[in-house]
Structure formats: C-alpha cells, structure tokens
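Read through the structure below, which is laid out as structure tokens, and then see the notes.
Number of protein chains: 2
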Amino acid sequence: MSVLIVGSTALDSIKTPNAENPRLLGGSASHAAVAASFFSPVKLIGVVGEDFPKKYLQLYKRHNIDVEGLQLLPGKTFHWSGEYELNMNNRRTLLTELGVFETFTPVLPPLHQATPFVLLANIAPALQHHVLDQVKRPKFVVADTMDLWLNIALEDLVKLLKRIDGFVLNDSEAQQLTKEDNVFAALKKIHKMGPKYVIIKKGSHGSILSGPGGIFICPAYPLKTVVDPTGAGDSFVGGMMGYLATARGSIDANIRRAMIYGSVTASFCCEGFGLTRTTKTKRGDIDQRVKELEKMTKF
Amino acid sequence: MSVLIVGSTALDSIKTPNAENPRLLGGSASHAAVAASFFSPVKLIGVVGEDFPKKYLQLYKRHNIDVEGLQLLPGKTFHWSGEYELNMNNRRTLLTELGVFETFTPVLPPLHQATPFVLLANIAPALQHHVLDQVKRPKFVVADTMDLWLNIALEDLVKLLKRIDGFVLNDSEAQQLTKEDNVFAALKKIHKMGPKYVIIKKGSHGSILSGPGGIFICPAYPLKTVVDPTGAGDSFVGGMMGYLATARGSIDANIRRAMIYGSVTASFCCEGFGLTRTTKTKRGDIDQRVKELEKMTKF
Numbered sequence: 000m001s002v003l004i005v006g007s008t009a010l011d012s013i014k015t016p017n018a019e020n021p022r023l024l025g026g027s028a029s030h031a032a033v034a035a036s037f038f039s040p041v042k043l044i045g046v047v048g049e050d051f052p053k054k055y056l057q058l059y060k061r062h063n064i065d066v067e068g069l070q071l072l073p074g075k076t077f078h079w080s081g082e083y084e085l086n087m088n089n090r091r092t093l094l095t096e097l098g099v100f101e102t103f104t105p106v107l108p109p110l111h112q113a114t115p116f117v118l119l120a121n122i123a124p125a126l127q128h129h130v131l132d133q134v135k136r137p138k139f140v141v142a143d144t145m146d147l148w149l150n151i152a153l154e155d156l157v158k159l160l161k162r163i164d165g166f167v168l169n170d171s172e173a174q175q176l177t178k179e180d181n182v183f184a185a186l187k188k189i190h191k192m193g194p195k196y197v198i199i200k201k202g203s204h205g206s207i208l209s210g211p212g213g214i215f216i217c218p219a220y221p222l223k224t225v226v227d228p229t230g231a232g233d234s235f236v237g238g239m240m241g242y243l244a245t246a247r248g249s250i251d252a253n254i255r256r257a258m259i260y261g262s263v264t265a266s267f268c269c270e271g272f273g274l275t276r277t278t279k280t281k282r283g284d285i286d287q288r289v290k291e292l293e294k295m296t297k298f
Numbered sequence: 000m001s002v003l004i005v006g007s008t009a010l011d012s013i014k015t016p017n018a019e020n021p022r023l024l025g026g027s028a029s030h031a032a033v034a035a036s037f038f039s040p041v042k043l044i045g046v047v048g049e050d051f052p053k054k055y056l057q058l059y060k061r062h063n064i065d066v067e068g069l070q071l072l073p074g075k076t077f078h079w080s081g082e083y084e085l086n087m088n089n090r091r092t093l094l095t096e097l098g099v100f101e102t103f104t105p106v107l108p109p110l111h112q113a114t115p116f117v118l119l120a121n122i123a124p125a126l127q128h129h130v131l132d133q134v135k136r137p138k139f140v141v142a143d144t145m146d147l148w149l150n151i152a153l154e155d156l157v158k159l160l161k162r163i164d165g166f167v168l169n170d171s172e173a174q175q176l177t178k179e180d181n182v183f184a185a186l187k188k189i190h191k192m193g194p195k196y197v198i199i200k201k202g203s204h205g206s207i208l209s210g211p212g213g214i215f216i217c218p219a220y221p222l223k224t225v226v227d228p229t230g231a232g233d234s235f236v237g238g239m240m241g242y243l244a245t246a247r248g249s250i251d252a253n254i255r256r257a258m259i260y261g262s263v264t265a266s267f268c269c270e271g272f273g274l275t276r277t278t279k280t281k282r283g284d285i286d287q288r289v290k291e292l293e294k295m296t297k298f
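Order-wise, the sequence lines are chains A and Z. For what it's worth, numbering that gives the first Met the number 0 labels the leading residue of the first sequence as 0, then goes sequentially. For what it's worth, numbering that gives the first Met the number 0 labels the leading residue of the second sequence as 0, then goes sequentially.
Written out as structure tokens, the structure reads:
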C-alpha cells in the first residue's frame, strides 16, 4: 500500500563546526518521503518555488516518489538555515525564509485522496487539518509536530490530536504539551487527548511507544559518526510509515518492527548532510543494520 | 559463588523538592551489596564509626551480607548530604564529612581473599588497588568510579584499568576520561586502557556494554515515579555482579542478562529514599520486572 506524506519541502543551508552546506534538499516531507520510499510507494504533497533545483525533482523521481501533489508556484522555495554546535545536540536557526510556503494550501489530486496510510509530517497543524479534510477513510494516520506549533498553534494541534491514530513528538515537546516530567504521566495525558498510539522520540537515546500492545522501548542504532542530524526525526517517522504500509497484518503486529526500521533509516540520515547519505542507501543496507540492532539488543 | 564488594558505607542525608531524609543507610558498597544479595552471598568490605546505627548492621545481616570485613572504628561514620532538583537529574552536594573513612584501609579477612567475583564499587582508586593487592586469582573483577577520582586521582585510576576485567562509568565520565563525545570512540579508548568489558551508564536511558560479544544496548526499566536516584548506579553494578556470580556458564554468556537484572534492581532503588524501597523488594519482584522488560523490548 502507499503512503501520502504532507510537510515542508525546503532548501536547507546547514552549518556545523566542520562544514557549510548551502541549499541542500530538506524539509520534513522530503526527509520522510525518501525514508518511506525504501519500503512503499510514496505520494508527496508540498510546494516549491521557481528556484527549486531540477536535480531535486529528479531525486524524488529516482525514489519513485509521486510528485503530482507537489505544487510549483511563482516565488522562492522555503529556505531554512541553521547551525549546529560541536556536540551536534544543540541547533540554532539562523534564518527562515518562508517564500511560497507562506501561502501554501495543500491540495490532494483526486487519486491521492484514498491513500491508506497518511503521514502528516511536521508542518502547521492547520495544514495538517486541511489534508485530513480531503482524505477518504485512511487506514492509519500519524502526525508529527515541533515546538513551534506548541507555542503558536496549540489550539489547532490539540484539535488535530482527536483526528489521528498516532502522534509522534520529542521528549521536550511532550513535557511542554503535558507539563509532565515523567514519560508515563506524559503518555497518559497525550492518550487522553486522542491518539491511540503515542511515540516519544529521544534522539540518540531512541524512542518509546505507548499503544494497545503496551510500552515498546525502541533503541536508536548507535553511530560511530554523526555528521548532521537534521531530518532524523522525519526519517524515523517516514521509515516507520513506509514499513507499516508494506507489512501484512495489523498495525499492532507491525508497529514495533516499523519503529526499528524507522530508527535505522534515521541513522543513515545522520551520517551525511541533508539527504546525501540517505539517498546513497540501499534497502539491503537498512536490513543489515536492523539485523545488527537485533544482535545488539538480544539478552 | 560469592561476591566481594568494597566501597563506601555511609549515612546519607537526602533532600528532594518534596522531602528530607536524614541519615539513611547509603554509600556505594551498601547499595551494591544489598543489590547483589538478591542473587548471591555477599562479603562486604568497608568502615563505619561508633554512630553507625545497629539497625543498619541488622539490615546487612537480613540480606545475608557477611560483615566480617566491615571495620568499626572510633569516630564518626562517613556522612554525605545532597539535594536533588525538581527533575531529579541534577544533584548537588551540600556536605561531605569523611569521618572514619578518611583513614580507611580495607583489610580482607583470610577467608575473603579467594572470593571469585570482586566488585570495586565507587571509592578512591588507591583503595581499589589495595583490595586487588589482597585477593587471590579472582574470576572476574569489575570497578566502578566517579568524576571526583577522574579529577583528583586520575593516575591511580588509569593504573587500575590495567588490573580489572570490567569497568563501569557514566557517559559524562567516559567523555571526561577520553575527551570523546561519541560513545564508540570513547569505548575504543577505554578498551585500550585495559578492561575487556566496558559499560557506560546513561541513567534513565539505560547503559551500553562493549565486550567480546560486541555491543549490547541495555534498556533502563521505565519508572512511573522516581523518588530518589541516589545509589542507582551502585545498585545496577551490584545486581549485575550478584547475578553473574550465580549464573552458570561463561561471563560472555551471562553478562547481558546480568545487566538487565542490574538495571531492574536499580529501578527499585529509585522508587524510595536510600535503600528503603530496595530492602522491601523480593527476588520475585525483580523477576517480574525482568519479564516486563523482555516484553517492552521485543520486536
């Protein structure tokens, strides 16, 4: 089955202590779509401007990502620029130019409306709602978010939680949303707000799922070198949704393994700037790391 | 088989945002010994002063901890006082009164010298050396440490690393010792310094083992309530050594499961002040949480 992914499609200029990389392909939807594409056909919903490099369109197509829902509008592509500190944990935004993203309204082509798996990657909750208004009885809907929306669009986000099956957020966002330090207390409160599946991401410490099958402690694949963690969270949820869309059986039967595949896909993302390492990855490389992770967690 | 444990035996006065608890039984050896006692006979090496409450001696004995090597000296017992912040992650020392600990020289009774498993719990590296000078061909020696010894006794500690099989330290200490941010780079450097088994503790994020069997990612048992994490690291390594001493087969065959048992024993430690929760724990409670942890990590 295929996955519909809406989110940002951007050009990212990323500075780290060791390098500077201007105008890489980025955005939550780009990372999630490429990650999902290792497992399932992907339909991308987003917007780019006239400056969007052709090579990036070709990149989407090489990954069999359907770009019928990718709008090309007069103006500039969303441009984000950020800088990482030496330990790669702290990121600071240097510049945000919304460009065509400012007036973006996602429109689903008719054939996209019945996509069974829907990933509302990180984007304004109002736009996530707008996509849900257009889909027809999806099998499984997951939303991701970021602290910005907790700060400026909390009401929209809280309403969204009643319309989705799964919600993904990081530990500091979970704390901000629930005012709870303890992960169980936070999970309980978020379940009450709507979603049956809640996943709290903890960066290099992995993630934790709470759902009908109980708690799952999902490890991160430990990396020897972290080059650029931008998009790792998007890759995680993209890989997870891609795996789920292709797996036989119930969501419950597959979601843990799907998280492991998402976690491994995210590990490749961290090993290069933007999508440079992910796009060189083969499905076999992913399967190999999943096997390694099985060995590293067996007791 | 039995475990010899040397370390501090102290009275801890612990303040948290919610409570104050004066003169609880504490110290690295107390926590490690009680944790190990769920699995194996324990021989404790330490020192206390005349003010050491009889009830704590009885507590050791209730846990079948051999106190023949516990010296009772004129003067006061080591007293530590600390305060936790609201999130229970940051601790600050309010007071350290060394008392009889200042002149402590561990002396092993003759029958203790051939104990097969030796845990050098957190204590000055010079004293850890002194214990190793007295033991006869132990099967497996593990040392724990703390940042203080990295700061004031680094040379002794580095020498110790050549004399032990396993070394346990937390992530910030590993970074301080090796000047490496990345866990693999840190592990590699520590192996080169001597120990065949290196375990890096990451608090509520679990721990990671590097040894002949490769990398093991050991989860922490997730807790609904953390009352007081003092002694959790000591309980972890104590539980691990206790389990190892009782398990049949090679260290390699058992160390992962031993870490899981240590991790679960530490989880009980965090649920009460000092040793109050751990001492109410039964072996069956530990086995139950190990089963839960198996469920929570299966994929």
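The beta carbon of each residue, even a glycine, is placed where N, CA and C say it ideally should be. In this text the structure is predicted, and so the values were computed from the model without any measurement.
Alpha carbon of residue i to alpha carbon of residue j, nearest angstrom
i: Val236 (chain Z); j: Glu67 (chain Z); result: 22 Å
i: Ser301 (chain A); j: Ser36 (chain A); result: Given that chain A is displayed from residue 0 to residue 298, the structure contains no residue 301 (chain A) and the question cannot be resolved.
i: Phe298 (chain A); j: Asp286 (chain A); result: 20 Å
i: Cys269 (chain Z); j: Pro221 (chain Z); result: 11 Å
i: Thr278 (chain A); j: Gly6 (chain A); result: 19 Å
i: Lys135 (chain A); j: Pro109 (chain A); result: 10 Å
i: Ser262 (chain Z); j: Ala125 (chain A); result: 43 Å
i: Asn253 (chain A); j: Thr177 (chain A); result: 28 Å
i: Ala173 (chain Z); j: His204 (chain Z); result: 15 Å
i: Gly302 (chain Z); j: His128 (chain Z); result: Given a span of 0 to 298 for chain Z in the structure shown, any question on residue 302 (chain Z) remains unanswerable.
i: Ile189 (chain A); j: Gly271 (chain A); result: 33 Å
i: Thr47 (chain A); j: Gly202 (chain Z); result: Looking at the sequence shown, residue 47 (chain A) is not Thr but Val. Distance between the alpha carbons of Val47 (chain A) and Gly202 (chain Z): 44 Å.
i: Val289 (chain A); j: Met295 (chain A); result: 10 Å
i: Glu101 (chain A); j: Thr76 (chain A); result: 10 Å
i: Asp251 (chain Z); j: Asn63 (chain A); result: 45 Å
i: Leu69 (chain Z); j: Glu49 (chain Z); result: 13 Å
i: Leu156 (chain A); j: Trp148 (chain A); result: 7 Å
i: Gln133 (chain A); j: Val226 (chain Z); result: 48 Å
7 Å Cβ cut-off: residues of chain Z touching residue i
i: Pro218 (chain A); result: Ile216
Closer than 6 Å: residue i CB and nearest the ligand NAP heavy atom
i: Ser39 (chain Z); result: Of ligands this structure carries none, so the ligand NAP is not represented either.
Bridge-paired residues (DSSP) for residue i
i: Cys217 (chain Z); result: Z:Ser206
i: Gln70 (chain Z); result: Z:Val46
i: Ala9 (chain A); result: A:Gly25
i: Phe166 (chain Z); result: Z:Ala142 and Z:Val197
i: His129 (chain Z); result: Its beta-bridge partners do not exist; DSSP assigns none.
Neighbouring residues, chain Z, relative to residue i (Cβ below 9 Å)
i: Phe183 (chain A); result: Pro221, Leu222, Lys223 and Thr224
i: Ile259 (chain A); result: Phe298
i: His129 (chain A); result: Within 9 Å Cβ-Cβ: nothing; His129 (chain A) doesn't reach chain Z, min ~34 Å.
Residue-level contact to chain Z via CB, residue i, 7 Å cutoff
i: Met295 (chain A); result: yes
i: Arg255 (chain A); result: yes
i: His111 (chain A); result: no
Contacts that residue i makes with chain A (C-beta to C-beta distance below 8 Å)
i: Gly213 (chain Z); result: Lys294 and Met295
7 Å Cβ cutoff, residue i in contact with chain A
i: His190 (chain Z); result: no
i: His30 (chain Z); result: no
i: His78 (chain Z); result: no
i: His62 (chain Z); result: no
### Message
Within 8 Å, do at least three Cβ pairs link the region 187 to 204 of chain A to the region 161 to 169 of chain A?
### Response
yes
### Query
Can we say the region 229 to 248 of chain Z touches the region 27 to 42 of chain Z, given the rule of at least three CB pairs closer than 8 Å?
yes
### Message
So, does the region 71 to 91 of chain A touch the region 2 to 16 of chain A, judging by three or more C-beta pairs under 8 Å?
### Response
They touch, by the three-pair rule.
### Task
State whether the region 104 to 121 of chain Z contacts the region 140 to 152 of chain Z, with contact taken as three or more CB pairs (one from each stretch) at a distance under 8 Å.
yes
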